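J.: To convert, take the position in the sequence shown, counting from 1, and add 7; that gives my numbering.
I'd like to ask some things about the structure below.
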Amino acid sequence: MSLADWTTQAPWTGTRASLRESTGLDPAAYIDPDFFDLEQARVFERGWVVVGTAPEVVESGRLLVRRVGQRSVLITRDTDGALRGFLNACRHRGTEIAEGDCTIGGTIRCPYHRWGYGLDGTLTAAPMFEDVPRTEFDKHDHGLVPVRVETWGVLLFACLDPDTPALLDWLGDLPQRMEGYRLDEWRIQEEASLEIEANWKLISENYQEYYHVPWVHPELAKVSRVKDHYRYQGAGMYCGQTTTPVSGDDRDDWLVLPPADGLDPSDAVSGRFVALFPNVLLSLLPNHAFVIRLDPVNPGLTAEQCTFLVPPSTPEMTTDDMTATREFWFDVNNEDVDICQRSQRGLTRGRVGAGPLAPRFEEPLHRFHNMLADCMTADSLSSLAVPQGDDGSSESRLGTSINPNPPTIEMEP
Ligand code: FES
Ligand SMILES: [Fe+2]
């Protein structure tokens, strides 16, 4: 189906146009298996991909098994506390070492012929291998293949490509912008997972724009007014918006939890909504966070891993204490899931060409599509230009400074 060569600039004309002339992506980007495979190789197997949360790998000897693109990666913590990542393949005859998350103690062991590796990846055991010695065999030459792994806040990242810029370059100003939350201290309150019959990009795009809020989320729109949304965009591989002030509502649901201690005046009254390229959607409220990780399964299917986090100042809570917050998010999320699945069906069965983006509301999609085009067309990400943020002329949109001051709160009559 796909005749375009997506590694060249030609099919990206609508994306490379200026915002006011730009169009969305061709339907092939959402439904074509060839596009999907290329995207897995060029984006997910080269970029910094979120594969979990930092608390999952606090203990030495806990072994995580995560997909990165079409590859499988092992992540653990060494006895000295260092985070380690490896390809999930034995250096003897290439066997998958672990099938799923597990606790292994001090040795990563292949089930086939019991080769053993230390938590730093060094080959430590090759049973009976030297009964008849090989001409040359040095265990140091056969350690597990390392993979870059890092954490930022509560997020755990992996990157398969040694040439890709460092994680801190990829994140741009986000660590500085979100410094006041001290996210590395937040704890996981609960998790949920679901599968969505839609391309991963549709879910991210839907998250990035609030154009749809009045019609897809009529209840939410009563308290999260379009006029309270602003850009929250600096340099970095992300698309951000903020709701300032974030409102309470009749049901007292998303603000029912106690506020985090120590937030500055801006963070304390705002909701921050960041789509970090490519696969995490980070919603930070003054009292909790809701994190969605997107794992593409195929062009029309995405696994979504949802994690609720609370700040350290929040007392221990029961599952019931989270009911109102959970229901709020899942009510909104279900509305988003329905419309994304409907988009997928329309793209699959209609295949109409890409339409115009609304400059007022869909600028983040333009930015997102350009990041995608940058990764898809680059021979190497070593010279990837991390997009810049707004310049001073966009001050009225609140997005220019690291931590914009909230506007005066209008009292409803
Ligand atoms: S393939 Fe792993 S020990 Fe033989
Ligand atoms: Fe939505």
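Ideal Cβ positions, reconstructed from N, Cα and C, are used throughout, including at glycine.
Quick caveat, the model's predicted, so the values are computed rather than measured.
#1: To the nearest angstrom, how far is the alpha carbon of glycine 243 from that of glycine 396?
#2: List the residues that DSSP assigns as beta-bridge partners of tyrosine 237.
#3: Taking the alpha carbon of phenylalanine 93 as the point to measure from, which residue in Val58, Leu151, Thr60, Glu28 has its own alpha carbon closest?
#4: Considering only residues of the same chain and omitting the five flanking positions on each side of proline 420, which have a CB-CB separation below 8 Å?
#5: Give me the Cβ distance between valine 233 and leucine 292, rounded to the nearest whole Å; I'm assuming they're in contact under 8 Å.
#6: Relative to the C-alpha of tyrosine 245, which candidate in Pro306, Ser231, Trp222, Leu175 has its C-alpha closest?
#7: Check valine 276 in the structure and name its three-state DSSP category.
#8: Under 9 Å between the Cβ atoms of cysteine 109 and leucine 209?
#9: Leaving out five residues on either side along the sequence, give the residues of the same chain with a beta carbon under 8 Å from the beta carbon of threonine 158.
#10: Quick one: residues with CB closer than 7 Å to any heavy atom of ligand 1, in chain order, please.
#11: Report the rounded CA-to-CA distance for proline 366 versus glycine 278, giving the unit in angstroms.
#12: Since I believe leucine 354 is in contact with tyrosine 37 (beta carbons under 8 Å), could you give me their beta-carbon distance rounded to a whole number of angstroms?
#13: Thinking proline 211 and cysteine 313 are a contact (beta carbons under 8 Å), I'd like their distance in whole angstroms, please.
#14: Within its chain, find whatever has a CB closer than 6 Å to the CB of proline 18; leave out the 5 residues flanking it on each side and keep chain order.
#15: Give me the pocket residues for ligand 2, defined as CB within less than 6 Å of any heavy atom, sorted by chain position.
#16: Do the region 367 to 384 and the region 212 to 225 touch if we need at least three Cβ pairs shorter than 8 Å?
#17: Beta carbon of alanine 105, beta carbon of valine 72: below 9 Å?
#18: Taking 8 Å as the cut-off, does the region 380 to 391 touch the region 13 to 29 (at least 3 CB pairs, one atom from each stretch)?
#19: Touch check for the region 23 to 34 and the region 120 to 137: three-plus C-beta pairs under 8 Å?
#20: So, at 8 Å on beta carbons, what are the nonlocal neighbours of arginine 202 in its own chain, with the 5 sequence-adjacent residues on each side left out?
#21: By the 10 Å Cβ neighbour count, where 16 or more other Cβ atoms means buried, how is aspartate 33 classified, buried or exposed?
#22: Name, in chain order, the residues that DSSP records as bridge partners for arginine 73.
T.: Let's see:
#1: 7 Å
#2: Thr249
#3: Leu151
#4: Only weak support is given to the placement of proline 420: the predicted model assigns it a pLDDT of 44, under 50, and the question is left unresolved by the model.
#5: About 18 Å; that fails the 8 Å criterion.
#6: Leu175
#7: helix
#8: no
#9: Ala61, Leu90, Phe164, Asp191
#10: Cys97, His99, Arg100, Gly101, Thr102, Cys117, Tyr119, His120, Arg121, Trp122
#11: 22 Å
#12: 5 Å
#13: In the sequence as displayed, the identity of residue 211 is serine instead of proline. Contact flag wrong, Cβ pair sits at about 14 Å.
#14: Ala11
#15: Asn213, His219, Val223, His224, Asp343
#16: yes
#17: yes
#18: yes
#19: no
#20: Residue 202 is actually glutamate in this sequence, not arginine. Contacts found: Val304, Leu308, Thr309, Ala310, Glu311.
#21: buried
#22: Val80
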